[in-house]
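Numbering (the UniProt record's numbering), first residue to last: 1 to 287.
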Amino acid sequence: MKTNIISVVVVAIVLFFTTKITAQKDFQGKAYYQSKTTMDMNFGGRQMSEERKKEIAERMKSMLEKTYTLSFNKSESMYKEDEKLEAPGQGGGRGGRFSAMMGAANGPQYKNIKDSIFLQENELLGKNFLVNDKLTPLEWKMTGETKQIGQYTAFKATAMRAPSAISLAGPRGPRRANNDQASTDDKDKPEEPKMIEVTAWYTMQIPVNQGPGKYWGLPGLILEVHEGNTSILCTKIEINSDQIETIKKPSKGKKVTQAEYDKITKEKMEEMSERFRGGRRGGGRRN
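Laid out in structure tokens, this is it:
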């Protein structure tokens, strides 16, 4: 009984702030996020010294740790990666080759909740693409759990999502089951994709259905996301600041759907992987 009373009080307070913010005529804001992805440094059981692992991790840092800014209003948002200068030597060597094999530079990401529009400018091996598609909703489940994130009361929601075709393929094509007893036909079949759980924390104190990246559709701004080995955390929020920029739709590049762009990226990754392996096989010690 006591828990129910506390929940009612929390919701009442949140609704009070929500109504106050929504009443503002030109409601807009900015949210700043940090994204961090952890990486398995065992590389399939390959023996490697701790010093070597640290060296690779440092080279990969610019790919695995990023900062973003989400500009939003009542119906639109623009999610951009913050520009930063790389330190000398960072991104070179194997880390740089790995980055090249990934083959893509993701540009600004636009979401229009009202009209269900998703736009993103991407560069792939020197070619510009404009992903133009409909927003794909996630089936969120409310858990009833709450926690405090800064000054905001956050509510927990979860959803299941299928991995993208690119992440399934990886740089070496579709993953296959490791089973010595399996038949040759079974080995040639790719594994069934496993659904990935997404955990999000949102606040109704900022009443927009927006969030970082492709995460959206909750009754408040998403402040925190955990999916697989990636976490996205909101570090700062500005509401109705004089410095809020106008949200403009991305427009550069060849128009493709998300599925078409994923297919092109997958093909290029496999092509570069074959070239890379061919170069290693063709190399050798020179006299």
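Note that CB positions come from ideal geometry on N, CA and C, so glycine has one too.
Treat the numbers as computed from the prediction; the structure is a model and nothing was measured.
Nearest C-alpha to S116 among T235, G107, T136, G126: T136. For A259, the secondary structure class from DSSP, reduced to helix, strand or coil, is helix. The beta carbons of I113 and N209 sit closer together than 8 angstroms. If you compare the alpha carbons of T69, Y110, F129, K74 with that of D262, the shortest gap goes to F129. In this chain, the alpha helix (DSSP H) harbouring K53 covers 50-64. Spanning the alpha carbons of G29 and Y68 requires a straight line of approximately 14 angstroms. Residue environment analysis places M60 among the buried positions, since at least 16 neighbouring C-beta atoms fall within 10 angstroms of its C-beta. Around the beta carbon of T235, a 10 Å sphere encloses fewer than 16 other beta carbons of the protein chains shown; the residue is thus reported as exposed.
Around S75, the same chain offers N112, I113, K114 as residues with beta carbons nearer than 7 angstroms, after the five sequence neighbours per side are excluded. For I149, the enclosing beta strand (DSSP E) begins and ends at 141-149. For K156 and T246, the gap between their C-alpha atoms comes out near 30 angstroms. Looking only at T37, W201, F118, the smallest Cα-Cα distance to A154 is reached by W201.
Residue environment analysis places A159 among the buried positions, since at least 16 neighbouring C-beta atoms fall within 10 angstroms of its C-beta. When secondary structure is reduced to three states using DSSP, F27 falls in the coil class, being assigned neither helix nor strand. Judged by DSSP secondary structure, T246 falls outside any beta strand (DSSP E); it is assigned neither H nor E.
Looking at the DSSP output, V198 bridges to A159, E227.
Residue pairing by DSSP places F276 in no beta bridge whatsoever. Cα atoms of L70 and E83: separation of roughly 14 angstroms, rounded to the nearest angstrom.
Taking a 10 Å sphere around the C-beta of G213, we find 16 or more other C-beta atoms and assign the residue as buried.
Non-local beta-carbon contacts of Q258 in its own chain, meaning distances under 7 angstroms to residues more than five positions away in sequence, involve V131, D133 in chain order. By the neighbour-count criterion, in which a residue is buried when 16 or more other Cβ atoms sit within 10 angstroms of its Cβ, M269 is buried.
In this structure, G253 is the residue among S35, Q205, P207, G253 with its C-alpha nearest to the C-alpha of N122. The residue from K54, S49, Y79 with its alpha-carbon nearest to that of Y32 is Y79. DSSP links M78 through a beta bridge to S71, Y110.
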